[in-house]
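Numbering (full-length UniProt numbering), first residue to last: 1 to 110.
Just so you know, even glycine gets a beta-carbon here, dropped at the ideal spot from N, CA and C.
Keep in mind the model is a prediction, meaning the values are calculated, not measured.
Just below is one structure, and these are the notes that go with it.
Next up, the structure:
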């Protein structure tokens, strides 16, 4: 390798390579690994530190002092209200041109 092939700014000079080759293969490997690490450090941003987890938190569990949401409020409607809603839906889907007899519709739409 000549002086023209190795740029001055990469930190490795011809004399350095001669000394490394004279020292043996292990020294050359160590030098190459160090150069690779230097290149990675230049192009990759360091990972930010992980956010510490709150003490006593179990993965997948609800946070302390809270609970899962309860039943939806529409589940607590009486059976008669559900039946009227189903009847209204069936009337509007199956007989859209006839008056509805569900019991919840105003008189003018019946």
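Who are the near neighbours of residue i in its chain, counting only those whose CB is closer than 6 angstroms to its CB and skipping five residues on each side?
{"i": "residue 2", "result": "Its pLDDT being 48, under 50, residue 2 is placed unreliably by the model, and the measurement read from it follows with that caveat. Closer than 6 angstroms at the Cβ level, and outside the excluded window around residue 2, lies no residue."}
CB-CB under 8 angstroms to residue i, same chain, minus the five flanking residues each way: which ones, in chain order?
{"i": "residue 77", "result": "none"}
{"i": "residue 56", "result": "64"}
{"i": "residue 92", "result": "100"}
Could you tell me which of the options sits nearest to residue i, measuring between CA atoms?
{"i": "residue 103", "options": "20, 87, 68", "result": "87"}
{"i": "residue 34", "options": "46, 12, 72", "result": "12"}
Hey, is residue i close to the ligand GTP, as in C-beta under 7 angstroms from one of its heavy atoms?
{"i": "residue 13", "result": "As presented, the structure is devoid of all ligands, the ligand GTP included, so that no description of it is given."}
Within its chain, find whatever has a CB closer than 7 angstroms to the CB of residue i; leave out the 5 residues flanking it on each side and keep chain order.
{"i": "residue 62", "result": "68"}
When burial is assigned at 16 or more other CB atoms within 10 Å of the CB, is residue i buried or exposed?
{"i": "residue 96", "result": "exposed"}
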